[in-house]
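Trainee: Let me give you the structure first, and then I'll get to my questions.
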Amino acid sequence: MQNIYIKDLSQHIGEEITLTGWLYNKRSSGKIKFIILRDGTGLLQCVYFKGNVTPEVFELADRLGQESSIEVKGKVKAEPRAVGGYELDATDLHVISEAHDYPITPKDHGVEFLMDNRHLWLRSSRQVAIMRIRHRIVKAIRDFFDNRGFTLMDPPILTPAACEGTSTLFETEYFDLGKAYLTQSGQLYAEAGAMALGKVYTFGPTFRAEKSKTRRHLTEFWMVEPEVAFNDLNDNMDLAEEFLEYIVQTVLKDKQEELKVLERDTTKLENVKKPLPRISYDEAVEILKKNGIDFQWGNDFGGTDETVISNQFDRPVMVHRYPAEVKAFYMKRDPQNEKLALAVDVLAPEGYGEIIGGSQREDSLELLQARIKEHNLPQSAFEWYLDLRRFGSVPHSGFGLGLERTVSWICGLDHLREAIPFARMIYRNTP
Ligand code: 4AD
Ligand code: MG
1478 MQNIYIKDLS QHIGEEITLT GWLYNKRSSG KIKFIILRDG TGLLQCVYFK GNVTPEVFEL
1538 ADRLGQESSI EVKGKVKAEP RAVGGYELDA TDLHVISEAH DYPITPKDHG VEFLMDNRHL
1598 WLRSSRQVAI MRIRHRIVKA IRDFFDNRGF TLMDPPILTP AACEGTSTLF ETEYFDLGKA
1658 YLTQSGQLYA EAGAMALGKV YTFGPTFRAE KSKTRRHLTE FWMVEPEVAF NDLNDNMDLA
1718 EEFLEYIVQT VLKDKQEELK VLERDTTKLE NVKKPLPRIS YDEAVEILKK NGIDFQWGND
1778 FGGTDETVIS NQFDRPVMVH RYPAEVKAFY MKRDPQNEKL ALAVDVLAPE GYGEIIGGSQ
1838 REDSLELLQA RIKEHNLPQS AFEWYLDLRR FGSVPHSGFG LGLERTVSWI CGLDHLREAI
1898 PFARMIYRNT P
């Protein structure tokens, strides 16, 4: 059977067609029953006139509960006042599976209840819009790198060692080989890839056993990580700003309808064009002080600090050269100041905080060995990584963009839990 979808109705005006889907909502007024059909591509009002259908069909339209799966038949007409702009002058109705007492009704529910019913909540117009934007962002990310000569290289998820520090590792027994860990980042493998292929990116799930209960943290999230041989910190920032502009402008171009469903005010997103402002960590600290925040040089920024800093700008801001102490072992130090790492974080506007973290990597074998010791990491697990410095080491850089933070920012969500189909957080691993 050739399916017809609601999104394609403009090609079927005046035709008698059959559509399948789910009963989204219904109402009646005397001799007329309205069924709102949902098929995953849109909503369609189907109008059942008492005189136009059999008494059985009319009774059925009355009886069916929300989310019953159905087949409707009728003539398509343009109707600007109806949801989606079309209406079905219905002539028939069949039940595929009758549903009653669907737990999510058009009234307001608490977030915990909705998260417990996430498998059903995904059917709502708002969640559908978010999933479609997420998909478009994923495709924009792939297109961006694929069109610039990058090769996608998938890193392993089970790894022998930490990448971003040992405190947030999920650990598991690995046969006779001792412990294995769920990856925190594909970066170390991306570096091997960059030495093999020049420009690579990884894109997949990553894991942090973080105790953070904030709206910005998931324990399982998706990260895309480009890595480029012979790029320094500035090249890395050039890449990051071009990348962000591409993602945001693509979504604005292609996903207006979904952004409207989310009631997203897109004025600030329209500003996301290069060049993005670049400030040093020191300058960011000055901003905090000017805003009356008691901030100690050397600390990492908290969520509120990030918001205060990013509020100074009309587009994402790149903060570079952080104190090395608060950053990962693999970052190269600033030749101008040993205390600083050649790191860059990109902070999104509107309080969304860090969406990108990246750096130029330490390319000296001796210094990297010393850092591994300082960070109390087991050198044996990093011998393969050190080989990248033993055999043709070059300056190189990369960054990681958190997919859910990006989705959340572009969609204007309150919490990361809606930016991924099935969120994993400290207190939630179901459904
Ligand atoms: O800053 P992070 O920890 O950097 C890395 O993992 C580097 N290895 C990346 C690289 O240079 N290749 O994480 C990168 C991004 C953050 O900016 C944030 O967007 C996201 O990943 N992220 C999280 N997203 C959701 N939940 C969490 N718990 C996250 N932790 C990081
Ligand atoms: Mg970071």
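Offset between the sequence shown (1-based) and our numbering: plus 1477. All residues carry an ideal CB built from backbone N, CA and C; glycine is no exception. Predicted model only: the values in this text are computed from it and were never measured.
(1) If the criterion is Cβ atoms closer than 7 Å, does the pair I1513 and F1526 meet it?
(2) Check whether the Cβ atoms of P1826 and S1787 sit closer than 7 Å, and answer yes or no.
(3) Alpha carbons only, please: which of C1640, A1639, A1673 and H1612 is nearest the one belonging to M1630?
(4) Ordered along the chain, which non-local residues of its own chain (more than five positions away) have a Cβ less than 7 Å from that of D1709?
(5) Per the contact definition of three or more C-beta pairs closer than 8 Å, is the region 1815-1834 in contact with the region 1616-1633?
(6) Around the Cβ of L1635, are there at least 16 other Cβ atoms within 10 angstroms (buried) or fewer (exposed)?
(7) Below 8 Å, how does it come out for the region 1714-1726 and the region 1895-1906: are there three or more Cβ pairs, yes or no?
(8) Residues in the same chain with beta-carbon distance under 8 Å from N1713, minus the five sequence neighbours each way, listed in chain order, please.
(9) Span of the beta strand (DSSP E) holding F1684?
(10) I1581 and C1888 look like a contact to me (Cβ under 8 Å); what is the Cβ gap, rounded to whole Å?
(11) What does DSSP give as the partner residues of E1702 in its beta bridges?
(12) For ligand 2, which residues have a Cβ under 7 Å from at least one heavy atom, in chain order?
(13) Would you mind listing the beta strand (DSSP E) stretches within the region 1718-1757 that are 3+ residues and don't spill past its ends, in chain order?
(14) Would you be able to state if there are at least three C-beta pairs under 8 Å between the region 1655-1672 and the region 1636-1644?
(15) Which first and last residues belong to the beta strand (DSSP E) in which V1821 is found?
(16) Classify Y1651: buried if its beta carbon has 16 or more other beta carbons within 10 angstroms, exposed otherwise.
(17) Going by other Cβ atoms of all chains shown within 10 Å of its Cβ, with 16 needed for buried, is A1847 buried or exposed?
(18) Sort out for me which residues DSSP pairs H1797 with in a bridge.
(19) Mind checking W1699: buried by the 16 CB within 10 Å criterion, or exposed?
(20) Looking at T1518: is its Cβ nearer than 7 Å to the Cβ of I1483?
(21) Use the C-beta contact count for K1503: other C-beta atoms within 10 angstroms, 16 or more gives buried, fewer gives exposed.
(22) If you scan the region 1839-1864 from start to end, which runs of the alpha helix (DSSP H) of 4 or more residues do you find wholly inside it?
(23) Is V1701 near F1680, with beta carbons less than 7 Å apart?
(24) Alpha carbons only, please: which of S1545, D1569 and V1738 is nearest the one belonging to V1530?
(25) Does ligand 1 have a heavy atom nearer than 6 Å to the CB of F1899?
(26) Below 8 Å, how does it come out for the region 1534-1541 and the region 1581-1593: are there three or more Cβ pairs, yes or no?
(27) In chain order, what residues of the same chain have a beta carbon less than 8 Å from the beta carbon of D1840, not counting five sequence neighbours either side?
(28) Could you name the residues of the same chain whose beta carbon sits closer than 7 Å to that of I1770, not counting the 5 residues immediately before and after it, in chain order?
(29) Hey, E1802 and G1775 are a contact pair by Cβ (cut 8 Å); roughly how many whole angstroms apart?
(30) Which of the three DSSP states, helix, strand or coil, is assigned to T1907?
(31) Relative to ligand 1, is the shortest distance from any of its heavy atoms to the C-beta of M1672 smaller than 6 Å?
(32) Leaving out five residues on either side along the sequence, give the residues of the same chain with a beta carbon under 8 Å from the beta carbon of I1547.
(33) May I ask you to list the residues that DSSP assigns as paired with S1505?
(34) DSSP on E1548, reduced to helix/strand/coil?
(35) Could you tell me the alpha carbon to alpha carbon distance between G1675 and Y1666, rounded to whole angstroms?
(36) What's the call for E1860, buried or exposed, on a 16-neighbour Cβ count within 10 Å?
Mentor: The structure says:
(1) no
(2) yes
(3) A1673
(4) Q1837, P1872 and S1874
(5) no
(6) exposed
(7) no
(8) V1705, V1821, G1835, S1836, Q1837, S1874, G1875 and F1876
(9) K1676 to F1684
(10) The Cβ separation is near 20 Å, so there is no contact.
(11) T1679
(12) D1822, E1831 and G1834
(13) 1755-1757
(14) yes
(15) N1814 to A1825
(16) exposed
(17) exposed
(18) S1757 and V1821
(19) buried
(20) yes
(21) buried
(22) 1842-1851
(23) yes
(24) D1569
(25) no
(26) no
(27) K1809, R1866, S1870, V1871, P1872 and H1873
(28) D1782 and V1785
(29) 6 Å
(30) coil
(31) no
(32) T1497, G1498, W1499, L1500, I1512, L1514, L1541, L1570, H1571, V1572 and I1573
(33) K1510
(34) strand
(35) 13 Å
(36) exposed
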